[in-house]
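Trainee:
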Amino acid sequence: MDGHENEQHRTGDETSPERGRARRVTAWRPGNRLRRLGVVLALLAVTLGGIVIGTYAGGHVGTDIGPFRAELKLSPSLSGGTTVDIPPLGALLLDSHDGPAYLTVEVGSLDQGRTEALLDDPASISRASQSAVQDVRDGVMRLGLRTLASVVLATLILAALVFRDVRRTAWAGGMALVITASSLGTAASTLRPQAIEEPRYEGLLVNAPAIVGDARRIANDYTKYAEQLQRLVGNVSKLYTTVSALPVVQPSPGTTRVLHVSDIHLNPTGWQLIRTVVEQFGIDVVVDTGDMTDWGSEPEASFVGSIGLLKKPYVFIRGNHDSPRTAAAVAQQPNAIVLNNSVTTVGGLTIAGLGDPRFTPDKETSPAGSGLTSAVADQVIGAGEQLAATIEKSPRKVDIALIHDPASAGPLSGTCPLVLSGHTHSRQVSKLPQVEGKQPTTLMVQGSTGGAGLRGLEGEKPTPLTMTVLYFDQQKLLQAYDDITVGGTGQSQVNLERHVIRDPAKGDQVPVTPTPTRGPSESPSPGTTTLSPTPTS
39 MDGHENEQHR TGDETSPERG RARRVTAWRP GNRLRRLGVV LALLAVTLGG IVIGTYAGGH
99 VGTDIGPFRA ELKLSPSLSG GTTVDIPPLG ALLLDSHDGP AYLTVEVGSL DQGRTEALLD
159 DPASISRASQ SAVQDVRDGV MRLGLRTLAS VVLATLILAA LVFRDVRRTA WAGGMALVIT
219 ASSLGTAAST LRPQAIEEPR YEGLLVNAPA IVGDARRIAN DYTKYAEQLQ RLVGNVSKLY
279 TTVSALPVVQ PSPGTTRVLH VSDIHLNPTG WQLIRTVVEQ FGIDVVVDTG DMTDWGSEPE
339 ASFVGSIGLL KKPYVFIRGN HDSPRTAAAV AQQPNAIVLN NSVTTVGGLT IAGLGDPRFT
399 PDKETSPAGS GLTSAVADQV IGAGEQLAAT IEKSPRKVDI ALIHDPASAG PLSGTCPLVL
459 SGHTHSRQVS KLPQVEGKQP TTLMVQGSTG GAGLRGLEGE KPTPLTMTVL YFDQQKLLQA
519 YDDITVGGTG QSQVNLERHV IRDPAKGDQV PVTPTPTRGP SESPSPGTTT LSPTPTS
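In terms of our numbering, the sequence shown opens at residue 39 and continues consecutively.
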């Protein structure tokens, strides 16, 4: 009896409030807190490891998009985005959403039966593209659910192996579910349907117009985004099923397409590229901001004969490597217009232009002329002032001004919305310092359409061949442009990047560039010129 009472007494002591408080104090000692923190960090590390493993292991799904079998893949990413791989044509890169998930859509093989149906019945291409949006939506939903299940399963297995504890394994699985679902939710909530307006295209140039589509057929909401996706699938279907005659997107009504080239420097490859772009993009007008030749000699004059083969209006101004003989040879071409402090209207656009005031064919002085000394600055600024006066006197509003050296651009600020130039062999887009009370002016400096000629081989890497397709709306304002870059001699990479201008009346949102201006220096002396930085190659 006494032993039983003593046992009860001992049991009562262990469950007394004093004993409970003692255990809690022990649990919250520094050593125990560190152990608990270590467990939490271990749980987090195992969970993140399970998420990565599960995403790569199960974050992919196959789906049918029109006649194609496509593979959709998810991968962890800090920045997010989407890549549409279309082998062997290239890829479309879209800034479609924010991280932490990156979507890759790889267009794979064609279904033989559906491909034959496309060939037999062209209308089936339209029907296939109509279902493409729903196909993609269903595929992305299945991809999200499959990724979620794969991540949770991978995390549970990894946690069970590491902890060998049911409760900690359950905690890891729950955390993986929450983190993955939140990540997918973040990607969905930050979806930018308008990202399809400005894809960055990489691949074969001849297919780019048909894949990218027209500049102004743009998605302002999800419905129009779906329509654009339908067009994309339809165009890719045509590329695969029409081998001998690739389709070209027709210009939308009222859009004027202008191809800006510059600094060909006697490179015949430049002419081949120009002809390809003129045909594939449906160009209306070609503008050339100079340096077609190297020395401006009479034998070089025959190089301009390719202008007539384009059968499109060709507006030209002299560069510092072009002689008056070169300009005369260009003027003899049936479709060419040479501007020398004059104004012309072509393709509905009013264009003013003035050639470079210098003639410096010596390669030691190119592409920056003889350097931006005070004397040179006086020349190029004077040319800009001369052209600005001509534009002010023009009875018609000038849409584009052409100069060779961007250092001449300063006086043109406010006279017209767009100034095109070359000379530096380096592409750049910027705003001119705005004149109060006058319209903003964008300056677009072209690279070298001829890869800088032979001098383009002097550096470590060949100078790329560049040109730009400009899209003007019915009000003759620049609404979008495509930058085309082709690898230099010995290289084959072709890139096309589209830029859409949100407010054509105000121009693109680009930084302001300083230009050389006349004025006194800190120690005034007659005839001095204040030189501000100007783009250089």
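Glycine included, C-beta positions come from ideal geometry on N, C-alpha and C.
Because the structure is a prediction, the values reported are computed rather than measured.
From which residue to which residue does the beta strand (DSSP E) around L110 run?
Mentor: 106 to 114
Trainee: What do you get for T228, buried or exposed, if any count of 16 or more other CB atoms within 10 angstroms of its CB means buried?
Mentor: exposed
Trainee: Would the region 533 to 553 and the region 306 to 326 be scored as touching if the rule is three or more Cβ pairs under 8 Å?
Mentor: no
Trainee: Is the separation between the beta-carbon of T480 and that of H298 shorter than 8 Å?
Mentor: no
Trainee: For V436, which of W209, G386, V524, G92 has the nearest alpha-carbon?
Mentor: G386
Trainee: Tell me, please, which residues DSSP counts as bridged to T383.
Mentor: T388
Trainee: Roughly how many angstroms separate the alpha carbons of T411 and V418, rounded to a whole number?
Mentor: Taking the straight line joining both Cα atoms gives about 11 Å.
Trainee: So, using beta-carbon positions, are G545 and P478 closer together than 8 Å?
Mentor: yes
Trainee: How is the beta strand (DSSP E) around G119 delimited, first residue to last?
Mentor: 119 to 124
Trainee: Evaluate the contact criterion for the region 73 to 90 versus the region 181 to 199: three or more CB pairs, one atom per stretch, below 8 Å.
Mentor: Touching, per the Cβ criterion.
Trainee: Strictly by DSSP, which residues pair up with S468?
Mentor: L481, per the DSSP bridge assignment.
Trainee: What are the boundary residues of the beta strand (DSSP E) that includes F510?
Mentor: 503 to 510
Trainee: I need the DSSP call for N533, collapsed to helix, strand or coil.
Mentor: In the displayed model, N533 falls within a strand according to three-state DSSP.
Trainee: CB H442 to CB G393, shorter than 8 Å?
Mentor: yes
Trainee: Please say whether V524 and P502 have beta carbons closer to each other than 8 Å?
Mentor: The Cβ-Cβ distance between P502 and V524 falls below 8 Å.
Trainee: Note down, in chain order, each residue of its chain lying with its Cβ closer than 8 Å to the Cβ of G488, except the 5 sequence neighbours on either side.
Mentor: Within the same chain, G488 has close Cβ partners D301, I302, H303, L304, N305, T307, G308, G494, L503.
Trainee: Output the distance between the C-alpha atoms of T555 and V342, rounded to the nearest integer angstrom.
Mentor: 35 Å
Trainee: Which of the three DSSP states is assigned to G100 in this structure?
Mentor: Of the three classes helix, strand and coil, the one that applies to G100 here is strand, per DSSP.
Trainee: Just mark K349 as buried or exposed, buried being the case when its beta carbon has 16 or more other beta carbons within 10 Å.
Mentor: exposed
Trainee: Given 8 Å as the limit, is there contact between the region 343 to 363 and the region 319 to 331, that is, 3 or more CB pairs closer than that?
Mentor: Flag = yes, the region 343 to 363 and the region 319 to 331 touch.
Trainee: Label V216 either buried or exposed according to how many other C-beta atoms from any shown protein chain fall within 10 Å of its C-beta, with 16 as the threshold for buried.
Mentor: exposed
Trainee: Is T551 helix, strand or coil by DSSP?
Mentor: coil
Trainee: By Cβ distance, which residues of its chain are closer than 6 Å to N184, with the 5 residues on each side in sequence left out?
Mentor: Residue 184 is actually Arg in this sequence, not Asn. Excluding sequence neighbours, R184 sits near G96, V99.
Trainee: Suppose the cutoff is 6 Å on Cβ atoms and the five residues either side in sequence are ignored; what does the same chain contact list for A197 look like?
Mentor: V84, T207, A210
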